[in-house]
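Student: Numbering follows this note's numbering, in which position 322 of the sequence shown is assigned residue number 327; successive positions increment by one, without gaps.
What follows is a single structure, and I will ask about it in a moment.
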Amino acid sequence: MSAGTVVAQQQPTTPAPSGDDSGPVQQNDSIVLKKKQPKDDTAPPPPAPAEEKIKNPKGMDLPVIRVNVPVVTVDVSVLLDKNRQFVPGLKAGNFRVTEDGVPQPISDLRTMKAPITAVMLLEFAANNWYFIQDMQNTAAAFFRSLKEDDYIAVVTYDLRTRILTDFTKDKMMTLQALQTLTIPGFSDTNLFDALYETLDRVSRIEGRKYIILVGSGRDTFSKINLDTILKKIKATPNVTIFAIGTGQLVRTMAEPGMGGIQRLDYLQADNQMKTFASMTGGLSFFPQFQGALPDIFASINDSIRNQYVLSYKPSNPKQDGTYRKIKVTLVDNEGQPLKMVDEKGKQLKYSIIARDGYTARREVE
């Protein structure tokens with residue numbers, strides 16, 4: 006599969022305007038007096054009659070035309086299931102987008118490879134040393150994957166949410182923040198509150214943002230519930246969450262001795278992490294060994310640094326604040342599901358990672 010060729014359109018050259026456009030020039034010459042002209046006694050002609058001004062009829066104002074055509078943009082990653090590599094070279098005709106089940110014509114398709122703006126949201130609570138060690142190793146692995154121009158913030162949570170460093174390109178500042186994570190405070194893990202606050206902060210930043218959520222997925226004492234945080238995720242555009250679970254190995258070893266309630270608690274925690282990621286077009290991982298972390302962040306980097314950006318004008322133009330479900334699929338030239346094969350003709354499975362919907366704006370009178 007070869008990448009498509011983009012032909013740049015040449016812009017017509019506008020000729021430079023003639024003359025000096027540097028503004029008026031003040032001359033410092035001496036004053037010249039003109040000869041006095043003979044007085045002309047001829048009376049000036051009468052002024053022309055003023056034109057009658059036509060007014061609009063009373064009560065009729067000038068028409069005001071308001072044009073508001075919404076455009077929806079969807080970030081899409083297409084990754085091979087086997088090695089999580091990005092699939093390049095797809096055309097606009099290979100994508101089919103439906104909104105609430107209705108096909109939408111794609112008006113623009115482009116690829117994007119740019120620095121990222123991301124928050125490392127880390128669970129740092131005094132509950133289990135193995136969970137803390139997994140978090141530290143995961144944060145260090147993500148730090149090593151950063152590029153020079155990436156903007157990164159570090160936020161931790163236990164009973165409260167703490168901002169260790171705001172968005173910065175200074176990798177030394179980010180490293181120093183991670184190195185402070187040695188002695189935890191409270192044992193509570195208020196995940197919902199921390200994620201809500203983080204979404205609220207990043208929503209004020211322009212462009213695409215990412216949240217690298219590293220934790221057990223458990224919530225013990227948040228002020229808000231699961232439904233509230235899910236609504237917040239739906240209402241926050243341009244944010245993708247990547248969730249990485251901690252404590253997987255120690256959980257596996259301790260599972261035979263776990264009670265039914267504790268086992269169910271951890272299962273629910275994993276499902277919450279998966280839901281946060283899938284709702285935003287992200288990925289979720291639950292590694293048992295540290296050696297899996299480089300491959301995990303290689304997959305995340307492939308997903309967030311190489312993306313297709315689709316744009317379309319929705320067939321439903323209503324600005325009613327409703328949630329619109331989006332589904333992205335790949336098709337061939339005949340409109341059938343796209344099949345990918347390797348060099349040996351063996352069919353390859355792939356995943357399409359995209360946000361599952363958006364909240365329409367409300368009309369402002």
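Backbone N, C-alpha and C fix where the C-beta goes; we use that ideal spot for every residue, glycine too.
Keep in mind it's a predicted model, so treat the numbers as computed, not measured.
Using CA coordinates, which residue listed in F148, R329, I357 and A365 is at the minimum distance from D105?
Tutor: Here the question's residue 105 lines up with position 100 in the sequence shown. Ranking the options by Cα distance to D105, first place goes to R329.
Student: Jot down the residue ranges of each uninterrupted alpha helix (DSSP H) in the stretch 261-286, minimum 4 residues, whole runs only, in chain order.
Tutor: As far as the stretch 261-286 is concerned, its whole alpha helix (DSSP H) runs of at least 4 residues are 265-284.
Student: Per DSSP, which one or two residues make a beta bridge with M117?
Tutor: As a position in the sequence shown, residue 117 is number 112, starting the count at 1. According to DSSP, M117 bridges with Q312.
Student: Would DSSP call F302 helix, strand or coil?
Tutor: Position 297 of the sequence shown, counted from the start, is the residue given in the question as residue 302. Helix.
Student: What residue range does the beta strand (DSSP E) around I1 cover?
Tutor: With the chain covering 6 to 370 only, the question about residue 1 has no answer from this structure.
Student: Taking the CB atoms as reference points, tell me whether L200 and I234 lie closer together than 8 Å.
Tutor: In the sequence shown, residue 200 corresponds to position 195, counting from 1. In the sequence shown, residue 234 corresponds to position 229, counting from 1. In contact: L200 and I234 (Cβ atoms closer than 8 Å).
Student: Going by CA-CA distance only, name the one from Q184, I309 and V336 that's closest to V244.
Tutor: Here residue 244 refers to the residue found at position 239 of the sequence shown. Among Q184, I309 and V336, the Cα nearest to that of V244 belongs to I309.
Student: Assuming D307 contacts L84 under a Cβ cut-off of 8 Å, what Cβ separation, rounded to an integer in Å, is found between them?
Tutor: Taking the first residue of the sequence shown as 1, we reach residue 307 at position 302. Taking the first residue of the sequence shown as 1, we reach residue 84 at position 79. That pair is a contact at about 6 Å.
Student: Can you tell me where the alpha helix (DSSP H) holding F172 begins and where it ends?
Tutor: Translated into positions along the sequence shown, residue 172 becomes position 167. Counting along the chain, F172 falls outside any alpha helix (DSSP H), though it belongs to the beta strand (DSSP E) covering T166 to T173.
Student: Looking only at its own chain, which residues have a Cβ that is under 7 Å from the Cβ of A240, when we skip the five neighbours before and after it?
Tutor: Within the sequence shown, numbered from 1, the residue matching residue 240 stands at position 235. Here the set comprises T364.
Student: Relative to the C-alpha of Y135, which candidate in S283, G252 and G262 has its C-alpha closest?
Tutor: The count along the sequence shown starts at 1 and reaches residue 135 at position 130. Y135 has its Cα closest to that of G252, out of S283, G252 and G262.
Student: Taking 8 Å as the cut-off, decide whether the C-beta atoms of F247 and L288 are in contact.
Tutor: Here residue 247 refers to the residue found at position 242 when the sequence shown is read from its first residue. Here residue 288 refers to the residue found at position 283 when the sequence shown is read from its first residue. Contact: yes.
Student: If you follow the beta strand (DSSP E) that K354 is part of, which residue opens it and which one closes it?
Tutor: Against the sequence shown, residue 354 aligns to sequence position 349. Looking at the DSSP string, K354 is not in any beta strand (DSSP E), and its letter there is neither H nor E.
Student: Rounded to whole angstroms, how far is the Cβ of N195 from the Cβ of Y162, which I believe are closer than 8 Å?
Tutor: Residue mapping note: residue 195 aligns to position 190 of the sequence shown, counting from 1. Residue mapping note: residue 162 aligns to position 157 of the sequence shown, counting from 1. That belief holds up - the Cβ atoms of N195 and Y162 are roughly 6 Å apart, short of 8 Å.
Student: Within its chain, find whatever has a CB closer than 8 Å to the CB of K214; leave out the 5 residues flanking it on each side and keep chain order.
Tutor: Numbered from 1 along the sequence shown, position 209 holds the residue referred to as residue 214. Cβ neighbours of K214 beyond the five flanking positions: T122, A123, V124, V207, N243, V244 and T245.
Student: Just to confirm before moving on: does the CB-CB distance between I301 and F294 stay below 8 Å?
Tutor: In the sequence shown, the residue the question calls residue 301 occupies position 296. In the sequence shown, the residue the question calls residue 294 occupies position 289. Not in contact: I301 and F294 (Cβ atoms no closer than 8 Å).
Student: Taking the alpha-carbon positions, what's the G319 to L186 distance?
Tutor: Your numbering for residue 319 matches position 314 in the sequence shown. Your numbering for residue 186 matches position 181 in the sequence shown. Per the sequence presented here, residue 319 reads as Pro, with Gly not at that position. Those two C-alpha atoms are separated by around 46 Å.
Student: Reducing DSSP to helix, strand and coil, say where V255 ends up.
Tutor: Reading the sequence shown from its first residue, position 250 is the one you call residue 255. Helix, per DSSP.
Student: Suppose the cutoff is 7 Å on Cβ atoms and the five residues either side in sequence are ignored; what does the same chain contact list for K39 look like?
Tutor: Against the sequence shown, residue 39 aligns to sequence position 34. At K39, the pLDDT of 45 sits below 50, so the modelled position is not reliable; the number obtained from the coordinates is stated separately. Excluding sequence neighbours, K39 sits near nothing in its chain.
Student: Could you give the C-beta distance for D155 and P120, rounded to a whole number, given that I count them as a contact under 8 Å?
Tutor: For the purposes of this step, residue 155 is taken as the residue at position 150 of the sequence shown. For the purposes of this step, residue 120 is taken as the residue at position 115 of the sequence shown. Yes, D155 and P120 are in contact; Cβ-Cβ is about 5 Å, under 8 Å.
Student: Am I right that S221 and A274 are in contact with their C-beta atoms under 8 Å? What's the rounded C-beta distance?
Tutor: Working through the sequence shown from its first residue, we reach residue 221 at position 216. Working through the sequence shown from its first residue, we reach residue 274 at position 269. With a Cβ gap of about 6 Å, S221 and A274 count as contacting.
Student: Take E368 as the anchor and find which of V333, K323, T103 and P299 has the nearest alpha-carbon.
Tutor: Against the sequence shown, residue 368 aligns to sequence position 363. Comparing Cα-Cα distances from E368 to each of V333, K323, T103 and P299, the minimum goes to K323.
Student: I'd like the list of long-range same chain contacts for R115, defined as Cβ closer than 6 Å, with 5 residues on each side in sequence excluded.
Tutor: The residue given as residue 115 occupies position 110 in the sequence shown. So the qualifying residues of the chain are V314.
Student: Would you mind reading off the limits of the beta strand (DSSP E) that contains D198?
Tutor: Position 193 of the sequence shown, counted from the start, is the residue given in the question as residue 198. From DSSP, D198 is part of no beta strand (DSSP E) but of the alpha helix (DSSP H) over L196 to V207.
Student: Using CA atoms only, rank isn't needed, just tell me which of V107, D139 and A131 is closest to P292.
Tutor: Here residue 292 refers to the residue found at position 287 when the sequence shown is read from its first residue. Of the listed residues, the one whose Cα sits closest to P292 is D139.
Student: Given a cut-off of 8 Å, decide if V160 and L169 are closer than it, judged by their beta-carbon atoms.
Tutor: By 1-based counting over the sequence shown, the position of residue 169 is 164. By 1-based counting over the sequence shown, the position of residue 160 is 155. In this structure, V160 lies closer than 8 Å to L169 by Cβ.
Student: Counting C-beta neighbours from all protein chains within 10 Å, is the total for D34 16 or more, i.e. buried, or is it exposed?
Tutor: The residue labelled residue 34 in the question sits at position 29 within the sequence shown. Because the pLDDT at D34 is just 43, under 50, the model does not fix this residue reliably, and the value given afterwards should be weighed accordingly. By the 10 Å Cβ count, D34 comes out exposed.
Student: In terms of residue numbering, what span does the beta strand (DSSP E) encompassing A158 cover?
Tutor: The residue you call residue 158 lines up with position 153 of the sequence shown. Residues Y156 to Y162.
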